[in-house]
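Per my numbering, residue 22 is the first one in the sequence shown, and the count goes up by one each step.
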Amino acid sequence: VIICGRQVMLSYLTQHIELRVVQHYVGPDAQTVVREHCDCLEAGAKLPSYVLEDAEMTELCVRARGDEDWSQDVQLERRERGPSSSVVQVPCSSGSLLYVWCTLFTIEADTHMQQRVVVFSPLFVMRSHLPDPVILHVEKRSLGLRESQLIQGQGHQEPLLNTEADLTHHLTFQARHDEDASHCAVPISTSLIKQIVHKNGNEDNLEHILDDFYGPKTSTGPPWPYVAKDTDRSVLEPLAQWDSPMQVKLSCWKSGLNTLLVELLPWALLANHSKWDLWLFEGETIVLQIPAGKIIVPPNFKEAFQIGIYWAHTNTVHKSTALKLVHDLTSPRWKEGSGSEVVTLDEEGYVEADITLGAFPGRQKLCQFCVSSVVRHGIQILQLEDRTILVNNTPHTIQYRPLLTDHALGTDGQACEIPETAQFSLAPSEELSRPCSVLCWDLLQTSVQGALEFPLPLRYMLLRLLPKPDGGVGSAGWSLPAPIRSDFPRQSVSVPGEAESVGGLSSRSIVLTYQEHLGVTYIILNEDPCPRMVIHNKCPIPLMLKETVKETARTEVYCRPLPANCSLHHELYHHLSSFPECRQKEMLPTLLLKTTSDHSSTDWTDPIDINCPGTQVVFLPGFGCLYIDVLYEKGTLVLCLAPEGGLDAVIHQHSSSPKASCRVLLSEASVVLSDDITNPSGSVELLRLTLTKLLLSLAPAPPSLPQEQGASDLGSAHISLIEVYCSNLQIDNQLYNRASFHFPLRMRLAGDRCNAEEITFQLQPARVYLEDTFVYYVKTLFHTYIPDSAMTSAPAEPQRGTKCGSAPILPEQVLQAVQALVHPVRLQRLSIQPVNLLVSIHASLKLYIASDHTPLSFSLFERGPLCTTARQLVHALAMHYAAGALFRAGWVVGSLEILGSPASLVRSIGNGVSDFFRLPYEGLTRGPGAFVSGVSRGTTSFVKHISKGALTSITNLATSLARNMDRLSLDEEHYTRQEEWRRQLPESLGDGLRQGLSRLGISLLGAIAGIVDQPMQNFQRNWETQSSAGSHAKGVISGVGKGIVGVFTKPIGGAAELVSQTGYGILHGAGLWQLPKQLYLPTEEKSCRAPNSHLKYVWKMLQSLGRPELHMALEVTLVSGSGQEHAGCLLLTSEVLFVVSLSEDTQQQAFPITEVVCQQELEQGGLLSLTLQQQTVASDTEGDGVRERLTEQQYRRLVDYVLRAAHFLSPSTASLQLQLPVTLAEPPPSVTKSYRYLVDPAFAKVFVSKFTMVKNKALHIGFH
C-alpha cells in the first residue's frame, strides 16, 4: 500500500540536487500564505511526495548541492496531452552550468487519483558494450572547446558531463592514451531526440519509470556479455583490438523522457569460457591469444579462423578445424572457393570443434569444444566452451578418467583391461562443489591398420571413490566403463568402495545422467535412490557375470567381476538400453556365470532365468552346485549367489517378518473443489466427488497372487496387498444451479454392475458428461489452486555452488531434466483394465455441436516392470487412449445431435431386437409359463427401445437446431433467455406442449420486436460511450441487420424448441429418459462467517500491550447470566486474558493472568470455567498502605517467607521475655466471580495447559 501526495519528484541524475518548492494557499483568515519547502533530492532516488494541489505549487527551482544560486523557475503549466519537457540550467560553483531535462507527467488525469510526476534526467547517456574502458572526446566546434571523459565498458551507463542544450557535440573515441582517436566524429544534439521518437513511434509508458523507483530492483536480462555465464572479469591488460569495426547507435534512453542514449557497439564479442588458454588463427597467422575466462573484441576476419592450444609435451600449437561465420550484417565478406574442411557457424547456432594434442598414437589427447553464436543488442557474441561439464552432487570425492576409443576395451568373457590414463578429481557436494569441465579425453587407438571397430571414437567414463579424510580406505579399483551417449540418458554405475559393515555393500550406486543443451553435454552424478540390481556373492571364490544380449548392442557389454564374499550393485544392459521406454511385457535377459581362478575351468554355466523370483540351482564348472536366490526388494532385483548350505540363513530371514492386515469401510466420502477467488463475499463450490461405500483393505498377499506381481515390493514374505473398492462414484457440477451449464454432473457409474476381478485398477462402465464452457471456466481458476512455490523456477538447492568463480551456470532445463532422471517412476506392474464409457459432449463453438452418449471402449493398458520418467509414462497413456478414441471415431460422428444421433438410434433398435428374441428363448428353457412371460417382456422391451430411440433422435435433432438458431439470431439477450428456460425440463407431455408453445410465441414476438429493439440498443450503447456520429450510424445499421436476421432465425428456433420440449415431455413422462441429478446441492460459505485470523487480533486489539504475544485464540460460546449464548473468543496473551465477542467484533472483558484460575469441568468436558479472585480493601487506612498493592498470591508468598525465615533467627533473652504471643492475621476476604464458556473438549485441554504455562511464567514459577 503506497500512500502518496499529489507532487512526486524523481531523479535519474548522478549528482545530488536541491529543490525549492513555493506553496501559495489561502489561510483560515482568508489571507494568502506563501511557504517554501527546501529538500535535497539524492542521485537516482525519489523524495517523499508533497501533499500539495497543482494550483498550490506555483514555483519550482533547482540548484547544485552546496551552491547558493538557484536556477530559473521550472515551467509547471500542464499541457493537454502527453508529458512536457524543458531544459533547466543549474548553476555550479565552478562557474559552469549543468543542463538537465525536467519532464512533467500526469498520472490518472481528471480523476481523484491524479498525480504530477517531475522527473530530472541528463541530456545524454553513454553506454559502451566494449570489454574495456574507452576515452570519449567531446568536441564543441562552435565554441572551440574539447573535453575528455573516461567511459567504463561492459554495458555500464554514464551521463555525459559538461554538455549544453541546443548545441551540436562531436564525439570521437580512443582506446588508450598511446593510440590515436577514431577518425570519424559522431554529431549529437538535444534536437535529435524528437526525430528518433517520431521515427520509432514510441508510446509514452510511465509504468517502467515508476517501477525504477517504486518496484523491486530487477535486471531485464543477463549482465554483459548478455549470456548466462559468470565470467572472470579481472582483466589485467586490455585485450580489445581496435582494428575491428565499431558502430555508434543513437536511441531514446527511456520511453517518455528526452534523454538521448549513445551506444558504442562492437561488431562481435568473443568469450573464452573454457579452461584452456586459446590461440586464434587466421589462415597460418596467429592473430592473438585469449586467456581462459576472458572476453575480447575479435578482429575483422578476412578468412576462416581456427582455435589452437599450445601443448608443452610437443612444444607445438595444435589447431582445430576452420570455422566460418555467417552473418549478413556484421560478419566480413569471405573469399570465394573456401576449402571443404570449413565448418559454417550461423549467427544463432553452435558447432563442435576438436583439437588433438600429441603426435604419437597411444599418447594423444582430444580436447572438445563447443563454439556457439547468439545475437544480443545487435552484437554477435561468440562463445568458446568445453563441450563436457561434470557435476558431482554426491557427498563423496570422486575420481574420473575420460576415455575415447575406436576399439573394444574388453574381449568376450574376460574383464576389460584399460591402460593407465589421466585422472581428475571432483569435490563432494557439501564442499566447494561446482561444475567442472572435462579438459581432455585420452585417445586410445589401435596400432593395427584397418582394425577400427567403430567409425567414430566412443566416449567412456571410469569412476572411483577417493579415500575419506578420516582415514577410511578408498576403492582400489575403477568402475566398468560407462558410455557417454545421448541415447543413454540415465545409467546406474557401480563404483567400488569400502564395505560399510560386515556383509554390507562394497560399492556405491551412482546415477550418471546425460543432458545436452545448446551443444554442451552435462554429466551429473547423484547417489542412486533406486538401484536396479544388487548381487550378493557368498561364495569363497571370485566369479564372473555375463549378460546374454539377444539384439545387437549399441555399446560394448562388459562382464561384471564378482569378488569373493562381496556384495555390490549392478545394472543390466537391458535396463540401460530400455530406459525410459514403457514396454508391455519386459522379459529380463538370462545370465551366465563362471569362475575366474587360473586353475579352474573357463566354461560358463547354463543360462540363469531371473524373471521368476525364487531359488534355483545351477552347476558351476570348477566349483559345484551353486544356489541362486532371486527376489525383489522395493523394486530392486536382488541376486544372491551362495554355495550349498549358505542360503538357509537368507531364506529364514525373509520368512520371519510379521504380517499386518486391516480393513476400513467408509459409507460415504466427499471431496469438494471450491472457488474462493471469483466471489469476494464467500466460497462457492465448483466440483464435488462423492464416493459411496469406500473400502480400504490392507492384507498379506495371497498365495495365488502371480509371482511376477507379488515380487513388486519387499520380497515374497514382505508383500502386502492394498486394495481400494468403491461401490459408486459421481462427480457433480456444483455450478449447475448458478450458471447456464447443460449438465448437472460430470461423471457417474452406470446402473449395471460388474464382478470385480483381481486387477490393479478397474473402472465400471460409466457415463461422462463434458461441456467446453465449464472446462474453460475451471481452467481460468486452475492456477489459483497451485501453490506459489510450485510455480517458481527451479529450486536454489541444485544450483548451490554453481556461481563460484568462473564456474559455468547449469541451465534450468538441465536441472529439471536431471531431477526427472534421478527419481524415475518405478512400478513392477501397471495394469488398467478395459474401460467402457458413454460420453456426452457439448461444444459451444461458433455453432452448437453435441454428441449424445457416444460409446467409447479402451483396451487393456498393462506395462511392467516399469522404470521410466513421468513424461514418458504420460505419453504412453495418452497415445494408448488417443488411439482407442480414434478407432471409435465412427461412433462419435454417428452420435452427433445435429445429425439426429443415428448411432444412438441403431444401438436402441439393436437392444430391442436382442431382447425380443433373447427373453423368450430364456423363458423357453424354464417352462411354458416362463416362455409366455418372456414373450411379453421381450415385446415390451422391443417397443420401449424403438420408441425411446426414435423419440431421442428426433428430440436431439430439434434441440441442436434450436440452439444453433438462437446463436445465429445474433441477439445475446434472446440467446441467454432461451438457455435459461431450456434448463427447466418438462415433467410430462402437457408440460412439454405448454413450454414449447410459450417459447414459440416468445420467439415470434422477439423476431418482430428485434427489428426495432436491436438498432435502439446499439444506439443507446454508443450514446453511453460518447462515440462519434459515424459510430452511431454504424451501430444503427448493424442493429437493423441483426433484427432482419432474427426475423428468420427466431421463428425457426421456436418451432424446433416446440418439438424438443414435446419430445422431452413424452420421454420424461413415460419414464424413458431421466436427467441425472446432483447428489448434494452446493453449499456457499460466506466470508463474513469465516473464522478470524490471529493477525487480526494482534493488529487490531492487542496493540495496547506494546509487543503483544498471542499464545492461543480459542473460539468459545459465551453464556450470559440470563442463559443466552453467542459466539466469542478467548485470547491468551502473556499478561492478559481477553474475552472477545465475535458477533459484535469487540472486546468484552480483560482479566490479568495472575488473578484468574482456568479449569475444565470434570463432569462436562465441553465446559470451561474462569474464576476471578479480587481482593477487598479492609479499611481506608489499609487501603492507603502497602497492603493494597499486594495480590493474594503475593500476600501468601510473603507469609510463607516470614514463617520459614523465623526458624533461622536466634532472638536475645530480653526479647524472649518481652515477646507477646503472635497470631497470624487472616487475609482480607476476597471476592470470587466465575464465568463459564462452552468449548470443544479437545481444545479445552490444550487451552488449560497453555494457560497454566503462561500463568506460571508470569508468577515466575518454574524455569522459564
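Even for Gly, the Cβ is constructed at its ideal location relative to N, Cα and C.
The model shown is predicted, which means the values in this text are computed figures rather than measured ones.
Count the other C-beta atoms from every protein chain shown that fall within 10 angstroms of the C-beta of arginine 254, then say buried if there are 16 or more, exposed otherwise.
-> Residue mapping note: residue 254 aligns to position 233 of the sequence shown, counting from 1. Unreliable positioning characterises arginine 254 in this predicted model, as indicated by a pLDDT of 41, which lies under 50. A coordinate reading is not provided.
Could you check if phenylalanine 1272 is buried or exposed, using at least 16 other CB atoms within 10 Å of its CB as the buried criterion?
-> For the purposes of this step, residue 1272 is taken as residue 1251 along the sequence shown, with counting starting at 1. Buried, since its Cβ has 16 or more Cβ neighbours within 10 Å.
Would you say the region 879-898 touches the region 852-863, given that touching needs at least three Cβ pairs under 8 Å?
-> yes
Taking only the alpha-carbon atoms, compute the straight-line gap between valine 913 and threonine 875 and give it to the nearest angstrom.
-> Counted from its first residue, the sequence shown places residue 913 at position 892. Counted from its first residue, the sequence shown places residue 875 at position 854. Cα to Cα, valine 913 sits roughly 6 Å from threonine 875.
In the region 862-915, which residue ranges form an unbroken alpha helix (DSSP H) of at least 4 residues, counting only runs that do not cross its ends?
-> 891-908 and 910-915
How is the beta strand (DSSP E) around threonine 573 delimited, first residue to last?
-> Here residue 573 refers to the residue found at position 552 when the sequence shown is read from its first residue. From DSSP, threonine 573 is part of no beta strand (DSSP E); its letter is neither H nor E.
With burial defined as no fewer than 16 other Cβ atoms inside 10 Å of the residue's Cβ, what is the status of lysine 559: buried or exposed?
-> In the sequence shown, the residue the question calls residue 559 occupies position 538. Burial call: buried.
Do you know whose CA, among Ser32, Gly1092 and Pro1112, lies nearest histidine 966's CA?
-> As a position in the sequence shown, residue 966 is number 945, starting the count at 1. Cα-wise, what sits closest to histidine 966 is Gly1092.
Under a Cβ-count criterion, where at least 16 other Cβ atoms within 10 Å of its own Cβ denotes burial, should lysine 1063 be classed as buried or exposed?
-> One-based indexing of the sequence shown puts residue 1063 at position 1042. So lysine 1063 ends up on the buried side.
Inter-residue Cα distance where the pair is valine 789 and histidine 863 = In the sequence shown, the residue the question calls residue 789 occupies position 768. In the sequence shown, the residue the question calls residue 863 occupies position 842. Each residue's alpha carbon lies about 11 Å from the other.
Compare the Cα-Cα distances from glycine 703 to each of Ala897, Val155, Glu1105 and Asn754 and report the closest residue.
-> As a working mapping, residue 703 is identified with position 682 in the sequence shown. Of the listed residues, the one whose Cα sits closest to glycine 703 is Glu1105.
Using the C-alpha atoms, what's the distance from glutamate 305 back to glycine 358?
-> Here residue 358 refers to the residue found at position 337 of the sequence shown. Here residue 305 refers to the residue found at position 284 of the sequence shown. Unreliable placement is indicated for glycine 358, whose pLDDT of 46 sits below 50; the coordinate value is still reported in the next sentence. Near 17 Å, if we compare the C-alpha coordinates of glutamate 305 and glycine 358.
Rounded Cβ spacing between leucine 708 and leucine 694 (contact assumed at less than 8 Å) = Translated into positions along the sequence shown, residue 708 becomes position 687. Translated into positions along the sequence shown, residue 694 becomes position 673. Yes, leucine 708 and leucine 694 are in contact; Cβ-Cβ is about 4 Å, under 8 Å.
Completely contained beta strand (DSSP E) runs for the region 279-354, where each covers 3 or more residues = 281-287, 289-293, 299-303, 306-311, 326-332, 337-340 and 343-347
Using three-state DSSP, classify phenylalanine 194 as helix, strand or coil.
-> Taking the sequence shown and counting its residues from 1, the one referred to as residue 194 is at position 173. Here phenylalanine 194 sits in strand by DSSP.
Could you give the uninterrupted runs of the beta strand (DSSP E) lying entirely in the region 140-181, keeping only those of 3 residues or more?
-> 145-149, 155-161, 166-172 and 178-180
Helix or strand or just coil, what does DSSP make of serine 1255?
-> Position 1234 of the sequence shown holds residue 1255. Of the three classes helix, strand and coil, the one that applies to serine 1255 here is strand, per DSSP.
How many whole angstroms separate the CB atoms of leucine 403 and leucine 291, which I take to be in contact at a CB cut-off of 8 Å?
-> Position 382 of the sequence shown holds residue 403. Position 270 of the sequence shown holds residue 291. Rounded, the Cβ-Cβ distance is 5 Å, consistent with contact.
Between the Cα of glycine 944 and those of Arg958, Ser212 and Val934, spot the shortest distance and give me the residue it belongs to.
-> Position 923 of the sequence shown, counted from the first residue, corresponds to residue 944. Among Arg958, Ser212 and Val934, the Cα nearest to that of glycine 944 is on Arg958.
Nonlocal neighbours in the same chain, by C-beta distance under 6 Å from leucine 593, ignoring five residues either side | Along the sequence shown, one-based indexing puts residue 593 at 572. Contacts found: Glu568.
If you draw a straight line from the C-alpha of leucine 166 to the C-alpha of asparagine 183, how long is it?
-> As a first step, residue 166 must be located in the sequence shown, where it is residue number 145. As a first step, residue 183 must be located in the sequence shown, where it is residue number 162. Distance between the alpha carbons of leucine 166 and asparagine 183: 11 Å.
Ends of the beta strand (DSSP E) at proline 112?
-> Mapped onto the sequence shown, residue 112 falls at position 91. It spans 105-112 - the beta strand (DSSP E) in which proline 112 sits, taken as one unbroken run.
Of all the options Gly970, Pro949 and Arg939, which has the alpha carbon lying nearest to the alpha carbon of threonine 960?
-> The count along the sequence shown starts at 1 and reaches residue 960 at position 939. Nearest of Gly970, Pro949 and Arg939 to threonine 960, Cα basis: Arg939.
Select from Gly176, Ser1270, Arg27 and Phe1159 the residue whose C-alpha is nearest the C-alpha of histidine 133.
-> Along the sequence shown, read from residue 1 onward, the residue named residue 133 stands at position 112. Checking every option, the nearest Cα to that of histidine 133 belongs to Arg27.
Bridge partners - proline 208, DSSP secondary structure assignment | As a position in the sequence shown, residue 208 is number 187, starting the count at 1. Proline 208 pairs with His191.
Check whether the Cβ atoms of glycine 1017 and glutamine 1082 lie closer than 8 Å to each other.
-> As a working mapping, residue 1017 is identified with position 996 in the sequence shown. As a working mapping, residue 1082 is identified with position 1061 in the sequence shown. Result yes, Cβ atoms of glycine 1017 and glutamine 1082 sit closer than 8 Å.
Count the CB pairs spanning the region 35-46 and the region 80-93 that are closer than 8 Å, and state whether there are at least three.
-> yes
If you check the beta carbons only, do leucine 660 and isoleucine 556 fall under 8 Å apart?
-> What you label residue 660 is simply residue 639 of the sequence shown in a count that begins at 1. What you label residue 556 is simply residue 535 of the sequence shown in a count that begins at 1. It is a contact, given that the beta carbons lie within the stated cut-off.
Residues bridged to lysine 567 [DSSP beta-bridge criterion] = Taking the first residue of the sequence shown as position 1, residue 567 is located at position 546. Leu613, per the DSSP bridge assignment.
For glutamine 466, does the three-state DSSP call read helix, strand or coil?
-> Position 445 of the sequence shown, counted from the first residue, corresponds to residue 466. If DSSP states are grouped into helix, strand and coil, glutamine 466 belongs with coil.
Starting from the C-beta of histidine 1281, find all residues in its chain whose C-beta is less than 8 Å away, skip the five residues before and the five after it, and write them out in chain order.
-> Here residue 1281 is taken as the residue at index 1260 of the sequence shown, counted from 1. No residues qualify anywhere along the chain.
Residue of Thr418, Glu548, Lys270 and Leu1183 minimising C-alpha distance to glutamine 444 = Here residue 444 corresponds to residue number 423 of the sequence shown, with the count starting at 1. Out of Thr418, Glu548, Lys270 and Leu1183, Thr418 has the C-alpha closest to the C-alpha of glutamine 444.
Quick one, which of Pro634, Gly329, Asp627 and Asn700 has its alpha-carbon nearest lysine 1107's?
-> Counting from 1 along the sequence shown, the entry for residue 1107 is found at position 1086. Among Pro634, Gly329, Asp627 and Asn700, the Cα nearest to that of lysine 1107 belongs to Asn700.
Sufficient close CB pairs (3 or more, under 8 Å) joining the region 1036-1043 to the region 1058-1076 = yes
Can you pull the DSSP bridge partners for arginine 1002?
-> To locate residue 1002, count along the sequence shown from 1; it is residue 981. The question names arginine, but residue 1002 is tryptophan in the sequence shown. Beta-bridge pairing links tryptophan 1002 to no other residue.
Express the C-alpha separation of tryptophan 91 and valine 146 in angstroms, rounding to a whole number.
-> Counted from its first residue, the sequence shown places residue 146 at position 125. Counted from its first residue, the sequence shown places residue 91 at position 70. Between valine 146 and tryptophan 91, the C-alpha separation is close to 25 Å.
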